[in-house]
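Visitor: Next up is a structure, given as structure tokens.
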Amino acid sequence: MSNTVLNTEHIPEGGAVGPLNSGWRLALREFTSNKLAVAGVAILVFFLLFSFLGPFVYHGDYLVANLSATNDPPGAGHPLGTDTEGFDVLAELMKGGQASLEIGFLSAVIAITVGALWGAISGLTGGLLDSAMMRVVDVLLSIPFLFIVLIVAVKYGATVLSLSLILGMFTWLVPARLVRGEVLTLKVRDFVLAARCAGSGRWRLINRHLLPNALSVIIVNVTFNIADAILAVSYLGFLGFGLHYPNFDWGDLVNNGTEYLSDGYWWLVYPVGFCIVATVMACNFVGDALRDALDVRLRRR
Amino acid sequence: MILKRSAAAAAVALCATTMVAACSSSSGGKSSGGTTPSAKLGGAFGTIPAETTGAQHAGVITWAETPNTGPTWIFPVITSAADSFNDIDDFEDLMWRPLYWFGNGAEPSLDPSESLAYSPVYSDGDKTVTIKMYTNYKWNDGTPVTAQDVVFDFDMIKAAVRVSAADFGPYSPGSGIPDQVASVSAPNATTFVLTLKAPANPGWFLNDQLSDLNPLPAQDWARDSATGPLLNYAVPANATKIFNFLEAQSGKLNTYTTNPLWKTVDGPYTLTAFNASSGAYTMSPNPGYDGPHAKTISTLEAIPYTSETAEFDAIRSGAVDIGYIPLEDMKQVGLVKSEGYDVFGYPPFGFNYVAYNFADKTGDFNNIIAQLYIRQALAHLQDEQGYIKAFFSGAGGPAYGPLPAFPVTSYTPSDATTDPYPYSVSAAVTLLKNHGWTVNPGGTDVCANAGTGPNQCGAGIPSGTKLTFNMFYAASLTIVTEQVTAYASAALQAGINIQLKSSNYNYIITYYDNPTSTGVPYIDKWATEDFGGFSLSSYPTTQGIFNTSGAENEGSYSSSEANMLINDSVNGTDPDAVENEASYLTQQQPGLFQPEPDNVEVWKTGISGPQKAFSSLTQYYINAEQMYFTGS
Numbered sequence: 001m002s003n004t005v006l007n008t009e010h011i012p013e014g015g016a017v018g019p020l021n022s023g024w025r026l027a028l029r030e031f032t033s034n035k036l037a038v039a040g041v042a043i044l045v046f047f048l049l050f051s052f053l054g055p056f057v058y059h060g061d062y063l064v065a066n067l068s069a070t071n072d073p074p075g076a077g078h079p080l081g082t083d084t085e086g087f088d089v090l091a092e093l094m095k096g097g098q099a100s101l102e103i104g105f106l107s108a109v110i111a112i113t114v115g116a117l118w119g120a121i122s123g124l125t126g127g128l129l130d131s132a133m134m135r136v137v138d139v140l141l142s143i144p145f146l147f148i149v150l151i152v153a154v155k156y157g158a159t160v161l162s163l164s165l166i167l168g169m170f171t172w173l174v175p176a177r178l179v180r181g182e183v184l185t186l187k188v189r190d191f192v193l194a195a196r197c198a199g200s201g202r203w204r205l206i207n208r209h210l211l212p213n214a215l216s217v218i219i220v221n222v223t224f225n226i227a228d229a230i231l232a233v234s235y236l237g238f239l240g241f242g243l244h245y246p247n248f249d250w251g252d253l254v255n256n257g258t259e260y261l262s263d264g265y266w267w268l269v270y271p272v273g274f275c276i277v278a279t280v281m282a283c284n285f286v287g288d289a290l291r292d293a294l295d296v297r298l299r300r301r
Numbered sequence: 001m002i003l004k005r006s007a008a009a010a011a012v013a014l015c016a017t018t019m020v021a022a023c024s025s026s027s028g029g030k031s032s033g034g035t036t037p038s039a040k041l042g043g044a045f046g047t048i049p050a051e052t053t054g055a056q057h058a059g060v061i062t063w064a065e066t067p068n069t070g071p072t073w074i075f076p077v078i079t080s081a082a083d084s085f086n087d088i089d090d091f092e093d094l095m096w097r098p099l100y101w102f103g104n105g106a107e108p109s110l111d112p113s114e115s116l117a118y119s120p121v122y123s124d125g126d127k128t129v130t131i132k133m134y135t136n137y138k139w140n141d142g143t144p145v146t147a148q149d150v151v152f153d154f155d156m157i158k159a160a161v162r163v164s165a166a167d168f169g170p171y172s173p174g175s176g177i178p179d180q181v182a183s184v185s186a187p188n189a190t191t192f193v194l195t196l197k198a199p200a201n202p203g204w205f206l207n208d209q210l211s212d213l214n215p216l217p218a219q220d221w222a223r224d225s226a227t228g229p230l231l232n233y234a235v236p237a238n239a240t241k242i243f244n245f246l247e248a249q250s251g252k253l254n255t256y257t258t259n260p261l262w263k264t265v266d267g268p269y270t271l272t273a274f275n276a277s278s279g280a281y282t283m284s285p286n287p288g289y290d291g292p293h294a295k296t297i298s299t300l301e302a303i304p305y306t307s308e309t310a311e312f313d314a315i316r317s318g319a320v321d322i323g324y325i326p327l328e329d330m331k332q333v334g335l336v337k338s339e340g341y342d343v344f345g346y347p348p349f350g351f352n353y354v355a356y357n358f359a360d361k362t363g364d365f366n367n368i369i370a371q372l373y374i375r376q377a378l379a380h381l382q383d384e385q386g387y388i389k390a391f392f393s394g395a396g397g398p399a400y401g402p403l404p405a406f407p408v409t410s411y412t413p414s415d416a417t418t419d420p421y422p423y424s425v426s427a428a429v430t431l432l433k434n435h436g437w438t439v440n441p442g443g444t445d446v447c448a449n450a451g452t453g454p455n456q457c458g459a460g461i462p463s464g465t466k467l468t469f470n471m472f473y474a475a476s477l478t479i480v481t482e483q484v485t486a487y488a489s490a491a492l493q494a495g496i497n498i499q500l501k502s503s504n505y506n507y508i509i510t511y512y513d514n515p516t517s518t519g520v521p522y523i524d525k526w527a528t529e530d531f532g533g534f535s536l537s538s539y540p541t542t543q544g545i546f547n548t549s550g551a552e553n554e555g556s557y558s559s560s561e562a563n564m565l566i567n568d569s570v571n572g573t574d575p576d577a578v579e580n581e582a583s584y585l586t587q588q589q590p591g592l593f594q595p596e597p598d599n600v601e602v603w604k605t606g607i608s609g610p611q612k613a614f615s616s617l618t619q620y621y622i623n624a625e626q627m628y629f630t631g632s
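Line by line, the protein sequences are chains H and X.
For the first sequence, position 44 (counting from the first letter as 1) is numbered 44 according to our numbering, and the numbering increases by one without interruption.
For the second sequence, position 510 (counting from the first letter as 1) is numbered 510 according to our numbering, and the numbering increases by one without interruption.
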């Protein structure tokens with residue numbers, strides 16, 4: 001990809017040397033060469049635009065129930081039909097997508113922030129504190145988090161913020177383990193030792209040296225966390241403990257639709273099912289590609 | 001008082017066992033017995049074919065139990081835990097007939113033809129109740145069913161209450177049977193007399209109290225061990241011993257078909273097979289049964305299912321003779337008919353409602369909901385006909401108060417069948433505007449004119465108060481979710497901001513229930529809740545629900561007028577008392593009364609019998625003894 005013209009007169013001993021590309025540029029090149037990754041990004045961008053800009057273009061009703069037009073099949077006026085309340089399904093998909101994506105991204109940010117700090121402190125400190133912090137992770141990992149989420153949802157009700165917080169607080173565990181592992185390998189490297197010798201404190205070591213170098217692990221994990229959170233909130237909605245009118249997510253729509261699958265109301269299930277599957281799949285494509293692109297051991301030479 | 005909570009009465013089968021009746025007495029009770037109810041069933045879903053007149057023969061009738069409702073108790077003195085339709089109506093009543101049969105097809109009224117006695121006669125200022133028994137009923141050992149058998153049953157009930165209040169499900173301390181009864185006697189084999197400590201409303205006493213009496217075979221059961229001698233059950237100590245023995249035997253589910261006790265019956269069936277784990281059972285005919293029945297009684301096989309899906313699959317495959325269509329599958333009625341089934345749906349007797357919490361001080365909700373105009377506005381926002389059409393597939397009946405529009409009983413007031421607050425968002429908006437609220441459709445209304453004047457918000461509602469509150473609902477039921485969502489949508493158009501919060505049935509009835517100790521800490525946590533509703537006894541007083549001290553008064557509704565009317569229904573002599581009570585509560589709207597979905601029953605077209613034998617299926621009865629197979 002280089003556009004540099006080499007002057008043969010200045011070829012150093014040992015042969016020509018290519019232009020020095022930054023790691024990020026190499027990663028980007030690797031990423032963009034992965035067709036699935038590009039497709040994943042395209043799908044995610046599509047659903048972001050669909051969910052957040054779509055309502056400005058398409059003005060279907062998802063707030064005022066119309067009991068005289070329930071379960072209408074796709075047709076004029078309702079491209080994807082209506083549901084049991086007479087709400088426009090396409091408008092609901094847009095509105096539901098907002099909540100699902102918001103919860104997905106927000107919980108992933110919470111999970112990765114908590115997990116990265118927890119793992120970095122644990123890994124860098126070592127000793128008793130490391131053991132204690134990792135045992136906390138082990139204990140929390142043994143708890144079926146969906147069970148806890150259900151209890152909290154029943155007791156306190158579900159909102160975008162509360163679901164994001166709950167999901168985030170239960171999904172930081174895996175990032176914490178991954179970041180700790182990364183920090184354990186980084187902290188014995190020369191540049192970290194040099195920073196220590198230069199008088200860097202622990203916070204500076206974490207902030208300036210360890211986390212930036214563990215960024216590839218973190219970024220990859222964010223994508224998977226988004227996918228997991230979208231699925232988790234879909235489970236909740238499917239179980240009837242997701243968001244409530246006038247808010248809803250894709251899982252709520254699936255829950256409403258499955259009751260009527262045997263009646264042939266496919267438009268209540270397939271479109272929203274496609275949205276969930278496509279978004280989660282896109283996140284996984286992007287995550288896989290980022291892992292390949294950011295990990296030098298997996299990068300194609 | 002027999003009022004049972006039910007999670008959307010028809011959708012989940014937790015319904016009451018008592019049946020409906022009217023009082024035919026010397027003190028001016030109402031009579032509706034002996035009618036042909038199927039001929040006047042308004043609002044029914046489908047029709048019941050006329051009884052065939054051709055050849056008929058007996059066989060094995062298979063009947064689908066409601067999932068997870070297998071019998072758990074056989075002794076007709078029913079405990080609180082077993083006080084359910086699956087233990088009584090679908091099991092014990094098939095073997096031991098109650099003194100009075102309340103359930104005339106789908107109509108909740110006395111059916112004299114199924115009863116064992118003539119209507120009671122009240123005298124001595126409604127303190128003496130004399131019951132003359134029919135003479136044709138016999139135990140299957142040949143012994144006549146006599147008044148002494150009723151005395152024995154009464155003594156068993158007294159013994160049960162002595163042992164534990166929970167040993168007699170319908171027990172209400174100080175009221176009715178047995179506490180209100182001074183003495184009972186059987187001056188001869190066919191006469192049973194109760195002397196009351198205080199007069200009781202004849203209608204209430206018949207429907208709610210005498211309905212709990214079942215003659216029991218004293219000649220076989222008055223023992224305290226399997227091989228012990230017959231004891232004098234008039235002696236309380238003996239009665240307690242006998243009760244303890246019979247109760248212990250009833251707890252041994254695996255011996256139901258082998259224990260000789262349970263083989264003495266006066267009903268149309270004896271139990272010949274029972275699986276305590278699955279709930280499956282087989283009832284074989286009692287050839288000596290002298291009540292209404294087909295020429296030859298068919299065997300009844302009750303088939304258990306683990307889910308409604310499994311039950312409906314059995315219907316779709318034609319694997320069961322009698323069953324029901326779950327509400328979610330109502331769109332497939334046509335397919336079911338094409339499989340060779342007749343279909344009929346009718347609402348069970350009861351009401352579903354959203355309970356208001358009159359004690360919730362959060363956001364001054366207690367003061368807001370205390371205003372009648374607010375409750376009227378809330379009633380105007382419910383589209384009952386729309387819900388029936390959209391969510392019940394047309395199979396349901398409206399309810400504007402504690403008495404549903406259907407089934408109609410002799411106690412149904414005329415205003416129970418006409419919506420006093422029809423669906424109208426604009427009517428709700430007008431009410432709010434006329435009382436000082438600034439209405440913000442799509443937003444939240446705000447009280448702009450505080451005060452107690454006729455055009456002001458009302459007492460205790462400060463200026464700036466927002467009209468917003470929460471609504472908890474049992475998320476496990478699709479129809480509940482659908483209704484509250486539609487309701488919140490309509491309310492939002494009137495600027496009433498309802499925050500829907502899903503929960504589960506058990507959590508709601510445990511914690512959002514002000515009269516209970518578990519509910520006290522949560523009094524300010526909930527404003528409204530939709531857990532389902534209550535099934536009503538045949539005498540539809542709401543004592544226990546809307547009287548101030550009612551044990552089921554979740555939201556602390558308190559009205560001196562309602563208290564007085566409810567007291568009249570139970571203790572007064574006015575036969576119209578319960579109608580007056582229902583009318584008042586319909587007008588006052590102590591809760592948001594909701595439509596009732598039908599129980600949609602199906603049976604194979606090759607089965608026939610009196611129409612009311614099929615319409616009674618919708619009220620949780622199975623009168624298989626009156627059904628037969630047609631053709632050769």
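Ideal placement from N, C-alpha and C gives every residue a C-beta, glycine not left out.
Under 7 Å Cβ-Cβ, which residues of chain X neighbour Tyr245 of chain H?
Guide: Ordered by position in chain X, the residues that pass the 7 Å Cβ test against Tyr245 of chain H are Thr485, Ala488, Ser489, Leu500.
Visitor: Determine whether the Cβ of Leu492 of chain X lies closer than 8 Å to any Cβ atom of chain H.
Guide: Yes, because at least one Cβ of chain H sits closer than 8 Å to the Cβ of Leu492 of chain X.
Visitor: Is it buried or exposed for Pro202 of chain X, if we count other Cβ within 10 angstroms and need 16 for buried?
Guide: Answer is buried; the Cβ neighbour count reaches 16.
Visitor: Can you have a look at Thr53 of chain X and say buried or exposed, based on whether 16 or more other CB atoms are within 10 angstroms of its CB?
Guide: The residue in question, Thr53 of chain X, is exposed, as its Cβ has fewer than 16 Cβ neighbours within 10 Å.
Visitor: Mind pulling the chain H residues with CB within less than 9 Å of Tyr507 of chain X?
Guide: Result: Val154, Lys155.
Visitor: Please name the residue or residues paired with Asn207 of chain X in a DSSP beta bridge.
Guide: Paired residues: none, contrary to the question.
Visitor: Let me confirm a value: Asn232 of chain X is counted as buried when at least 16 other C-beta atoms fall within 10 Å, else exposed. Which label applies?
Guide: Flag for Asn232 of chain X reads exposed.
Visitor: Using a Cβ cut-off of 8 Å (strictly closer), state whether Ala64 of chain X contacts chain H.
Guide: It does not; no Cβ of chain H falls within 8 Å.
Visitor: Report yes if the C-beta distance between Val188 of chain H and Val217 of chain H is below 8 Å; otherwise report no.
Guide: Not closer than 8 Å, so no.
Visitor: Which stretch, first to last residue, makes up the beta strand (DSSP E) that contains Ala474 of chain X?
Guide: Note, Ala474 of chain X: beta strand (DSSP E), 468 to 474.
Visitor: Quick check on Gly287 of chain H: does DSSP put it in helix, strand or coil?
Guide: The answer is helix: DSSP assigns Gly287 of chain H an H, G or I state.
Visitor: Given this structure, state the Cα-to-Cα distance separating Val598 of chain X from Val136 of chain H, to the nearest angstrom.
Guide: For the record, residue 598 of chain X in the displayed sequence is Asp; it is not Val. Using only the alpha carbons, I get a separation of about 53 Å.
Visitor: Quick one: what does DSSP say Val480 of chain X is sitting in, helix, strand or coil?
Guide: Val480 of chain X: helix per DSSP, three-state reduction.
Visitor: Relative to the C-alpha of Asp445 of chain X, which candidate in X:Gly495, X:Phe472, X:Tyr400, X:Gly451 has its C-alpha closest?
Guide: Nearest option by C-alpha distance: X:Gly495.
Visitor: So what's Ala37 of chain H in DSSP terms, helix, strand or just coil?
Guide: Helix, per DSSP.
Visitor: I'd like to check one pair, Lys604 of chain X with Gly340 of chain X: are the Cβ atoms closer than 8 Å?
Guide: Yes, Cβ-Cβ distance for Gly340 of chain X and Lys604 of chain X is below 8 Å.
Visitor: For the putative contact between Ser556 of chain X and Asn244 of chain X, defined by C-beta atoms under 8 Å, what is the C-beta separation to the nearest angstrom?
Guide: Ser556 of chain X to Asn244 of chain X, Cβ: 39 Å. No contact.
Visitor: Provide the residue span of the alpha helix (DSSP H) that contains Lys337 of chain X, from first to last.
Guide: Segment 333 to 338, the alpha helix (DSSP H) holding Lys337 of chain X.
Visitor: When we look at the beta-carbon of Ser25 of chain X and count the other beta-carbons within 10 Å, is it buried (16 or more) or exposed?
Guide: Any reading at Ser25 of chain X needs caution, since the residue's pLDDT is 34, under 50, leaving its predicted position unreliable; the model's value is listed next. Result: buried.
Visitor: Roughly how many angstroms lie between the CA atoms of Asp342 of chain X and Asp321 of chain X, to the nearest whole one?
Guide: Cα-Cα distance, rounded: 10 Å.
Visitor: What are the boundary residues of the beta strand (DSSP E) that includes Trp603 of chain X?
Guide: From DSSP, the beta strand (DSSP E) with Trp603 of chain X extends over 599 to 604.
Visitor: Under the DSSP definition of a beta bridge, which residues are partnered with Trp437 of chain X?
Guide: Per DSSP, X:Cys447.
Visitor: Helix, strand or coil for Asp124 of chain X? Go by DSSP, reduced to three states.
Guide: It is coil, neither helix nor strand.
Visitor: What residues in the stretch 73 to 104 of chain H bring their beta carbon closer than 9 Å to a beta carbon of chain X?
Guide: So the close ones are Thr84, Glu85, Gly86, Phe87.
Visitor: Using 8 Å as the cut-off, can you tell me whether the stretch 172 to 189 of chain X makes contact with the stretch 91 to 103 of chain X, which would need three or more C-beta pairs spanning the two stretches below that distance?
Guide: The stretch 172 to 189 of chain X, when compared against the stretch 91 to 103 of chain X, does not touch it at the 8 Å Cβ threshold.
Visitor: Does chain X have any CB closer than 8 Å to the CB of Asp303 of chain H?
Guide: The structure shown does not extend to residue 303 of chain H, since chain H is modelled only from 1 through 301, so no value can be given for it.
Visitor: Quick one: using the 10 Å Cβ neighbour count with 16 as the cut-off for buried, is Val57 of chain H buried or exposed?
Guide: By the neighbour-count rule (16 or more Cβ atoms within 10 Å), Val57 of chain H is not buried but exposed.
Visitor: Comparing alpha-carbon positions, which option in X:Tyr118, X:Asn470, X:Gly59 lies nearest Phe192 of chain X?
Guide: With distances taken between Cα atoms, Phe192 of chain X lies closest to X:Tyr118.
Visitor: Quick one: Cα of Ser308 of chain X to Cα of Asn434 of chain X, how far?
Guide: First, the residue type needs correcting, since residue 308 of chain X is Glu and not Ser in the sequence shown. Between Glu308 of chain X and Asn434 of chain X, the C-alpha separation is close to 48 Å.
Visitor: If the cut is a Cβ gap below 9 Å, which residues of chain X does Asp263 of chain H touch?
Guide: Here the neighbours are Glu328, Asp329, Met330, Lys331, Gln332.
Visitor: Only counting the same chain, and skipping five residues up and downstream in sequence, which positions put a Cβ closer than 6 Å to that of Asn580 of chain X?
Guide: Result list for Asn580 of chain X: Leu565, in chain order.
Visitor: Answer yes if the stretch 585 to 597 of chain X comes into contact with the stretch 63 to 71 of chain X, meaning at least three C-beta pairs across the two stretches below 8 Å, and no otherwise.
Guide: No, the stretch 63 to 71 of chain X does not touch the stretch 585 to 597 of chain X.
Visitor: Pull up the DSSP beta-bridge partners for Ile61 of chain X, would you.
Guide: Answer is X:Leu300.
Visitor: CA-CA distance, Asp329 of chain X and Gln385 of chain X?
Guide: The alpha-carbon atoms of Asp329 of chain X and Gln385 of chain X are separated by roughly 19 Å.
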